[in-house]
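Working notes, structure below.
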């Protein structure tokens, strides 16, 4: 069995889409003897946005940006990367590996290339499971806690090497073999295509919700003006907030009957704290909503419909 520790770095992850600029790996035998260490630098064909928007500080890549720009784009290295990951009797390792699998899957689809299947073990998940942690620890935190040699952070092959060193220490400290760890904590072990499908579905659902939110904000916008003939103090000039699950479930009805809301002078708001009326469905949990806005009137959706259709 060959072990492959890997890491991917991105120029940016705008819209949750990681534009890979390097894939680094360390190949070892089952005793963690290093057989090969390599960093593949890639032109991401995308802007490098590495800073933190809040404080202007961010990660520093392990190479000058010119090194990436003078490299080839991902398709040039695809066959090499695929061959390394899918070699027979190879088990892959990563730290927070779902993230790197997402980067690889997106980059393959970006260039019309098929993503490939490989078995993996997530070292971050193993650390969390071994110590019963509530939150995940970062790779740099574990490197420091184990007193490991300093490496160049965000240089993919060095991050891969750090992951290997951390795995060794985790197993040694817990007097456990890798096979025992996988048997005891099966959630750390998986297959790349399965993860990619899960991530793709999450992206689809997120995009669907984004489109629904965008559409929902047109609910109470239109040419129909409020009419005093439909005046009721309950709705006139009031800000109405729909619990998101309720909004999504009844969006077709709400769009179809938009004029009924407009003539009654109500307004749709996205901010719960600004709401005078909160609409929810039977069975919805609204305890936290009431805590966030105790002054609002809470109304079941079917009661809202009856009031609107009077």
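Residue numbers (the numbering used here): 321 to 630.
Glycine included, C-beta positions come from ideal geometry on N, C-alpha and C.
Residue interval of the beta strand (DSSP E) (run including residue i)
i           : result
residue 354 : 354-361
residue 509 : 509-511
residue 344 : 340-348
residue 439 : 439-442
Where the alpha helix (DSSP H) containing residue i begins and where it ends
i           : result
residue 566 : 564-569
residue 471 : Note, residue 471: premise wrong, no alpha helix (DSSP H); not H, not E.
residue 324 : Where residue 324 is concerned, there is no enclosing alpha helix (DSSP H), although the beta strand (DSSP E) it sits in stretches over 322-330.
residue 394 : 394-405
residue 428 : 417-430
residue 539 : No alpha helix (DSSP H) contains residue 539, which DSSP labels as neither H nor E.
residue 656 : The chain is shown only over 321 to 630; residue 656 falls outside these bounds and no answer can be derived.
residue 629 : Where residue 629 is concerned, there is no enclosing alpha helix (DSSP H), given that its DSSP letter is neither H nor E.
residue 489 : 476-493
residue 607 : 607-612
residue 386 : 385-389
residue 582 : 578-582
Alpha-carbon to alpha-carbon, residue j and residue i
i           : j           : result
residue 352 : residue 479 : 15 angstroms
residue 490 : residue 497 : 10 angstroms
residue 548 : residue 627 : 16 angstroms
residue 415 : residue 442 : 6 angstroms
residue 584 : residue 454 : 49 angstroms
residue 374 : residue 466 : Only weak support exists for where residue 374 lies, its pLDDT of 45 falling under 50; the value from the coordinates is given anyway. Their Cα atoms are separated by approximately 31 angstroms.
residue 511 : residue 542 : 49 angstroms
residue 433 : residue 504 : 36 angstroms
residue 358 : residue 483 : 14 angstroms
residue 508 : residue 417 : 10 angstroms
residue 376 : residue 475 : For residue 376, the predicted structure reports a pLDDT of 42, less than 50, and the residue's modelled location is therefore unreliable. The matter cannot be settled from this model.
residue 354 : residue 590 : 54 angstroms
residue 350 : residue 530 : 46 angstroms
residue 385 : residue 481 : 22 angstroms
residue 566 : residue 330 : 37 angstroms
residue 523 : residue 563 : 22 angstroms
Those residues which DSSP pairs with residue i across a bridge
i           : result
residue 559 : 587
residue 600 : 620
residue 456 : The partner list for residue 456 (beta bridge, DSSP) is empty, contrary to what the question assumes.
residue 412 : 324 and 440
Own chain, CB closer than 8 angstroms to residue i, minus 5 neighbours either side, in chain order
i           : result
residue 361 : 341, 342, 383, 387, 388 and 391
residue 580 : 628 and 629
residue 546 : 556, 582, 583, 584 and 585
Close-in-space but distant-in-sequence residues of the same chain around residue i (CB under 6 angstroms, 5 per side omitted)
i           : result
residue 645 : Since the first residue shown for the chain is 321 and the last is 630, residue 645 is missing from the structure and cannot be characterised.
residue 573 : none
residue 635 : It is not possible to answer for residue 635, since the shown part of the chain is limited to 321 through 630.
residue 460 : none
residue 568 : 532
residue 393 : 363 and 365
Closest by C-alpha distance to residue i, when choosing among the options
i           : options               : result
residue 445 : 457, 563, 436 and 330 : 457
residue 488 : 532, 527 and 413      : 413
residue 407 : 438, 581 and 540      : 438
residue 398 : 428, 417 and 411      : 428
residue 452 : 486, 494, 622 and 536 : 494
residue 623 : 612, 554 and 614      : 554
residue 426 : 612, 593 and 516      : 516
residue 325 : 335, 337 and 356      : 356
residue 346 : 402, 334 and 322      : 322
residue 337 : 600, 577 and 520      : 520
Cβ-based neighbour list, residue i, same chain, cut-off 7 angstroms, excluding 5 preceding and 5 following
i           : result
residue 448 : 456
residue 616 : 595, 596, 597 and 598
residue 500 : none
residue 602 : 620
residue 332 : 339, 366, 367, 368 and 369
residue 471 : 478, 481 and 482
residue 409 : 321 and 322
residue 570 : 621
The ligand MG heavy atom lying under 7 angstroms from the CB of residue i
i           : result
residue 407 : As far as ligands go, the structure on display features none, and thus does not contain the ligand MG.
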